[in-house]
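A.B. asks: Quick one: this structure, given as structure tokens, is what I'll be asking you about.
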């Protein structure tokens, strides 16, 4: 594809047309996992792409640097910078660009596009996912993307020790940390967090727009996450709204599959207690699994009463599950 030089930019370098054609070919369609979006990209991703194209096309060593290439693209209306704020000192500075024929006409990126551009192989989760699925009417006060840690699975005897977590006597003091704050977009902070692979079996790649795919937790995985990370999910009010919105449409086979794979006794107890709170009667397969867990729980000597959501405190107890509930 040949684009004529305009007065807005410096003279184009030798073989610019070859470079531009190769670039636009790469940006034609998403190619996950390495390139889930071809609309919103970080400066780091673009710089790496520019270098690869220069090598593939055997372009001269005098070919412009990444910064100058971006300046040419911006002047041609093929790139526009997305303004971000509040960059953390602990995280390298990130610039993001909308790329394509309509880039100069695009005003904003969606926060989820920025999340995926920031960590291309990351997984969008928590409050961001609840809002995406229309499970809450609350506008997210923060967004999260998780990097997945691949570690050997712990023995179940170790995993079930979370059963003995003590209930919090102070809501604010025991809230989980939100993660590493990377930057803000439109005054909403974006956090990077880490998750163990075995605790997040429900991940799906979704088409967000014709030029963007996003990697996100499924609805059922996101609902399970609300028990373990309630404040990352927006807090109890958001969580109850989300469960109420989906309880009659819940995919029980996925809930059962995820609970078995995650294999954390306290999480299964919380699910059972939430079903009780909402007077929800699961079908036989899930009901049998939950009943088996309930009996196992009651047979554990000295088992602690734990709150429905980690980091919260309630006074009323559900004796079936030994869970403190509102």
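Residue numbers (the working numbering): 497 to 822. All C-beta atoms, glycine included, are put in the ideal place defined by N, C-alpha and C.
Does the structure place the stretch 679 to 687 close enough to the stretch 635 to 645 that three or more beta carbon pairs sit under 8 Å?
C.D. replies: yes
A.B. asks: Tell me whether residue 734 sits in a helix, a strand or coil according to DSSP, three-state version.
C.D. replies: Here residue 734 refers to the residue found at position 238 when the chain shown is read from its first residue. If DSSP states are grouped into helix, strand and coil, residue 734 belongs with the helices.
A.B. asks: Beta-carbon separation of residue 696 and residue 805 under 9 Å?
C.D. replies: Here the question's residue 696 lines up with position 200 in the chain shown. Here the question's residue 805 lines up with position 309 in the chain shown. Going by C-beta atoms, residue 696 is not nearer than 9 Å to residue 805.
A.B. asks: Kindly indicate the opening and closing residues of the beta strand (DSSP E) around residue 717.
C.D. replies: Taking the chain shown and counting its residues from 1, the one referred to as residue 717 is at position 221. No beta strand (DSSP E) contains residue 717, which is instead part of the alpha helix (DSSP H) from 715 to 724.
A.B. asks: May I ask you to report which of helix, strand or coil DSSP gives residue 709?
C.D. replies: Working through the chain shown from its first residue, we reach residue 709 at position 213. In the structure shown, residue 709 sits in a strand (DSSP, three-state: E or B).
A.B. asks: For residue 666 and residue 532, what's the separation of their Cα atoms in angstroms?
C.D. replies: Position 170 of the chain shown, counted from the first residue, corresponds to residue 666. Position 36 of the chain shown, counted from the first residue, corresponds to residue 532. Because the pLDDT of residue 666 is 36, which lies under 50, any placement of that residue in the model is unreliable, and the number read from its coordinates should be weighed accordingly. Computed Cα separation, rounded: 41 Å.
A.B. asks: Do residue 535 and residue 609 come within 9 Å of each other at the CB atom, strictly closer than that value?
C.D. replies: For the purposes of this step, residue 609 is identified with residue 113 of the chain shown, where counting begins at 1. For the purposes of this step, residue 535 is identified with residue 39 of the chain shown, where counting begins at 1. Contact: yes.
A.B. asks: Spatial neighbours of residue 509 within its chain, please: CB distance less than 6 Å, with the 5 preceding and 5 following residues excluded, ordered by chain position.
C.D. replies: Taking the first residue of the chain shown as position 1, residue 509 is located at position 13. Excluding positions up to five away in sequence, the list reads 559, 560.
A.B. asks: Find out if the Cβ-Cβ distance for the pair residue 719, residue 746 is shorter than 9 Å.
C.D. replies: Here residue 719 refers to the residue found at position 223 of the chain shown. Here residue 746 refers to the residue found at position 250 of the chain shown. Closer than 9 Å, so yes.
A.B. asks: Assuming the contact rule is C-beta atoms closer than 8 Å, residue 679 and residue 590 should be a hit. Round their C-beta distance to whole Å, please.
C.D. replies: Here residue 679 refers to the residue found at position 183 when the chain shown is read from its first residue. Here residue 590 refers to the residue found at position 94 when the chain shown is read from its first residue. Residue 679 to residue 590, Cβ: 6 Å. Contact.
A.B. asks: Using only CA atoms, which one of 621, 596, 512 lies nearest to residue 564?
C.D. replies: By 1-based counting over the chain shown, the position of residue 564 is 68. It is 512 whose Cα lies nearest to the Cα of residue 564.
A.B. asks: Is the beta carbon of residue 797 closer than 9 Å to that of residue 761?
C.D. replies: By one-based count along the chain shown, residue 761 stands at place 265. By one-based count along the chain shown, residue 797 stands at place 301. In this structure, residue 797 does not lie closer than 9 Å to residue 761 by Cβ.
A.B. asks: Say whether the stretch 713 to 729 touches the stretch 615 to 632, bearing in mind that this needs 3 or more beta-carbon pairs closer than 8 Å, one atom from each stretch.
C.D. replies: yes
A.B. asks: Around the Cβ of residue 518, are there at least 16 other Cβ atoms within 10 angstroms (buried) or fewer (exposed)?
C.D. replies: Translated into positions along the chain shown, residue 518 becomes position 22. Burial call: buried.
A.B. asks: Using CA atoms only, rank isn't needed, just tell me which of 550, 548, 542 is closest to residue 569.
C.D. replies: As a first step, residue 569 must be located in the chain shown, where it is residue number 73. 542 is the residue among 550, 548, 542 whose C-alpha sits nearest the C-alpha of residue 569.
A.B. asks: How would you label residue 716, buried or exposed, when you count the other beta carbons within 10 angstroms and need 16 or more for buried?
C.D. replies: As a first step, residue 716 is located in the chain shown; it is residue number 220 there, counting from the start. By the neighbour-count rule (16 or more Cβ atoms within 10 Å), residue 716 is buried.
A.B. asks: Let me know the secondary structure DSSP gives residue 728 once reduced to three states.
C.D. replies: Position 232 of the chain shown holds residue 728. In the structure shown, residue 728 sits in coil (DSSP, three-state: anything other than H, G, I, E or B).
A.B. asks: Tell me, please, which residues DSSP counts as bridged to residue 640.
C.D. replies: As a working mapping, residue 640 is identified with position 144 in the chain shown. Beta-bridge pairing links residue 640 to 621, 687.
A.B. asks: Can you tell me whether residue 776 is buried or exposed? The criterion is at least 16 other CB atoms within 10 Å of its CB, across all chains shown.
C.D. replies: Residue 776 sits at position 280 when you count from the first residue of the chain shown. Result: exposed.
A.B. asks: Would you say residue 612 and residue 711 are within 9 Å of each other, going by their C-beta atoms?
C.D. replies: Your numbering for residue 612 matches position 116 in the chain shown. Your numbering for residue 711 matches position 215 in the chain shown. Yes.
A.B. asks: Give me the residue from 771, 520, 815, 596 with the minimum Cα distance to residue 791.
C.D. replies: As a position in the chain shown, residue 791 is number 295, starting the count at 1. Residue 791 has its Cα closest to that of 815, out of 771, 520, 815, 596.
A.B. asks: Hey, residue 690 and residue 743: beta-carbon distance below 9 Å or not?
C.D. replies: Sequence index remark: in the chain shown, residue 690 carries index 194 (1-based). Sequence index remark: in the chain shown, residue 743 carries index 247 (1-based). For residue 690 and residue 743, no; Cβs fall outside 9 Å.
A.B. asks: State yes or no: is the C-beta of residue 813 within less than 9 Å of the C-beta of residue 765?
C.D. replies: Looking up residue 813 in the chain shown gives position 317. Looking up residue 765 in the chain shown gives position 269. It is not a contact, given that the beta carbons lie outside the stated cut-off.
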